[in-house]
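J.: If you read the sequences in order, they're chains A and B. Residue 142, in my numbering, is where the first sequence stops; the numbers in between run on with no holes. Residue 1142, in my numbering, is where the second sequence stops; the numbers in between run on with no holes. Even glycine gets a Cβ: it sits at the ideal position worked out from N, Cα and C. Since the model is a prediction, treat every value here as computed from it, not as a measurement.
There are 2 protein chains.
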Amino acid sequence: MFKLNKKTEYGLLALQYMSSLQDDQVTTAREIAEKNDISLALVSKILQKLAQKKLVRSVQGAKGGYVLAKNSTNISLAEIVQAIEGPIYIFDCQKNRCTRIQACSIKGQLNAVAYKMIDYFKTIKLSDFSTEISKNKQESFQ
Amino acid sequence: MFKLNKKTEYGLLALQYMSSLQDDQVTTAREIAEKNDISLALVSKILQKLAQKKLVRSVQGAKGGYVLAKNSTNISLAEIVQAIEGPIYIFDCQKNRCTRIQACSIKGQLNAVAYKMIDYFKTIKLSDFSTEISKNKQESFQ
DNA sequence: ATAAACAAGACTATTTTGGTCCTATTTAAT
DNA sequence: ATTAAATAGGACCAAAATAGTCTTGTTTAT
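#1: Taking Cβ-Cβ distances below 9 Å as the criterion, which residues of the segment 2-14 of chain A are in contact with chain B?
#2: Is DSSP giving residue 26 of chain A helix, strand or coil here?
#3: Going straight from the alpha carbon of residue 65 of chain A to that of residue 122 of chain A, what length do you get?
#4: What span of residues does the alpha helix (DSSP H) with residue 1115 of chain B cover, start to end?
#5: Span of the beta strand (DSSP E) holding residue 66 of chain A?
#6: Please state whether the Cβ-Cβ distance between residue 1072 of chain B and residue 1126 of chain B is less than 7 Å.
#7: Does DSSP classify residue 1044 of chain B as helix, strand or coil?
#8: If we count the other Cβ atoms within 10 Å of its Cβ and call it buried at 16 or more, is residue 56 of chain A buried or exposed?
#9: For residue 1019 of chain B, which three-state DSSP category applies?
#10: Which value, in whole angstroms, describes the spacing of the CA atoms of residue 1027 of chain B and residue 109 of chain A?
#11: What are the boundary residues of the beta strand (DSSP E) that residue 1058 of chain B is part of?
#12: Let me confirm a value: residue 111 of chain A is counted as buried when at least 16 other C-beta atoms fall within 10 Å, else exposed. Which label applies?
#13: When DSSP labels each residue in this structure, what does residue 1088 of chain B get in the three-state scheme?
#14: Going by other Cβ atoms of all chains shown within 10 Å of its Cβ, with 16 needed for buried, is residue 1068 of chain B buried or exposed?
#15: Got a sec: is the Cβ-Cβ distance from residue 105 of chain A to anything in chain B below 7 Å?
#16: Spell out whether any CB of chain A is found under 7 Å from the CB atom of residue 1066 of chain B.
#17: So the candidates are B:1022, B:1018, B:1024 and B:1025; which of them puts its Cα closest to the Cα of residue 967 of chain B?
#18: Using the C-alpha atoms, what's the distance from residue 1033 of chain B back to residue 1020 of chain B?
#19: Quick check: what's the CA-CA separation for residue 89 of chain A versus residue 114 of chain A?
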């Protein structure tokens, strides 16, 4: 269906929430879960992935929690998606061995498209999400 | 996982094959299936969707088949994806009612991203797929 | 009439995604 | 030392989306 998955959506909400806090204030998975109405278990899993990819820093033990590991101007949508969903493939034969006998006639162009998209995603930063609260166009795109 | 699905891939292969033929030469689903190593039943379904959206024209009866309904320079990737996968949603709360109590903090920016992507997809034409046979970079994108 | 094609819906299987649960580890506070 | 609050991570199950098949009907050239 060509969309970001729910986990990425939750990850964005979590990161957005963290970036809204005073600098370097540690928050817990529990708090993020409650404030954003996501199950604790699920958001925990997502935060773990973000921590593995060093987008957030985890503080272990009692009084522990999570903080953004970098400034929100330095966390890109590309990084977030890759941290949560894994490598970005736009089409299948990038990922799996292409079994087509003749040289695949569409691979080249699709690769170019994929590159462009990822480049664009790199330009979108977490900080960009804080600003645009107004434009809530909820419609689909024909 | 944020990728085009296999059906779209097959649809592209089918369209590409049709565009490689002499002008207005009708070809059958069977031929497309064989030449591209896709099951007949599956490629038939896909061709039907493309026909419904008038990207290809179907000729019924014996000696029937399919032809491109427009010049390949006038068929965009956006149209193809939408014909096969349905409306493009980049994130979930576009499609389903957003249940989050507070105004969703990420919707605005994600909508902007979605628009940009669809606009980009509109600029990619079927004819573009015929040219780039060389750049077969098969790697994933970290 | 017949055979070769498309049309379309119902159905099944497979894969991916979403989500839970359990156990272990870390650490501040008492 | 013990406890409680936190993260870490793997195993597991449920649900949804995708891929693929099958069957029946319609169209039309020969």
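T.: The answer reads as follows:
#1: Of all residues in the segment 2-14 of chain A, only 2, 3, 4, 5, 6, 8, 9, 12 and 13 come within less than 9 Å of chain B when Cβ atoms are compared, listed by chain position.
#2: The residue you call residue 26 of chain A lines up with position 26 of the first sequence. Reduced to three states, the DSSP call for residue 26 of chain A is coil.
#3: Residue mapping note: residue 65 of chain A aligns to position 65 of the first sequence, counting from 1. Residue mapping note: residue 122 of chain A aligns to position 122 of the first sequence, counting from 1. Taking the straight line joining both Cα atoms gives about 27 Å.
#4: Along the second sequence, read from residue 1 onward, the residue named residue 1115 of chain B stands at position 115. Segment 1107-1123, the alpha helix (DSSP H) holding residue 1115 of chain B.
#5: By one-based count along the first sequence, residue 66 of chain A stands at place 66. Element bounds for residue 66 of chain A: 65-68.
#6: On the second sequence, residue 1072 of chain B is found 72 positions in, with the first residue counted as 1. On the second sequence, residue 1126 of chain B is found 126 positions in, with the first residue counted as 1. Cβ distance < 7 Å, so residue 1072 of chain B and residue 1126 of chain B count as in contact.
#7: Translated into the one-based positions of the second sequence, residue 1044 of chain B becomes position 44. The answer is helix: DSSP assigns residue 1044 of chain B an H, G or I state.
#8: Residue mapping note: residue 56 of chain A aligns to position 56 of the first sequence, counting from 1. Flag for residue 56 of chain A reads buried.
#9: Counting from 1 along the second sequence, the entry for residue 1019 of chain B is found at position 19. Residue 1019 of chain B: helix per DSSP, three-state reduction.
#10: The count along the second sequence starts at 1 and reaches residue 1027 of chain B at position 27. The count along the first sequence starts at 1 and reaches residue 109 of chain A at position 109. Computed Cα separation, rounded: 24 Å.
#11: Residue mapping note: residue 1058 of chain B aligns to position 58 of the second sequence, counting from 1. Here the beta strand (DSSP E) through residue 1058 of chain B covers 1056-1059.
#12: Here the question's residue 111 of chain A lines up with position 111 in the first sequence. With 16 or more Cβ atoms within 10 Å of its Cβ, residue 111 of chain A is classed as buried.
#13: Against the second sequence, residue 1088 of chain B aligns to sequence position 88. Looking at residue 1088 of chain B - three-state DSSP - the assignment turns out to be strand.
#14: For this step, residue 1068 of chain B is matched to residue 68 along the second sequence. Residue 1068 of chain B should be labelled buried.
#15: Taking the first residue of the first sequence as 1, we reach residue 105 of chain A at position 105. It does; some Cβ of chain B falls within 7 Å.
#16: As a working mapping, residue 1066 of chain B is identified with position 66 in the second sequence. Chain A contact via Cβ: absent.
#17: Given that chain B is displayed from residue 1001 to residue 1142, the structure contains no residue 967 of chain B and the question cannot be resolved.
#18: Working through the second sequence from its first residue, we reach residue 1020 of chain B at position 20. Working through the second sequence from its first residue, we reach residue 1033 of chain B at position 33. About 15 Å.
#19: Within the first sequence, numbered from 1, the residue matching residue 89 of chain A stands at position 89. Within the first sequence, numbered from 1, the residue matching residue 114 of chain A stands at position 114. The alpha-carbon of residue 89 of chain A is positioned some 7 Å away from that of residue 114 of chain A.
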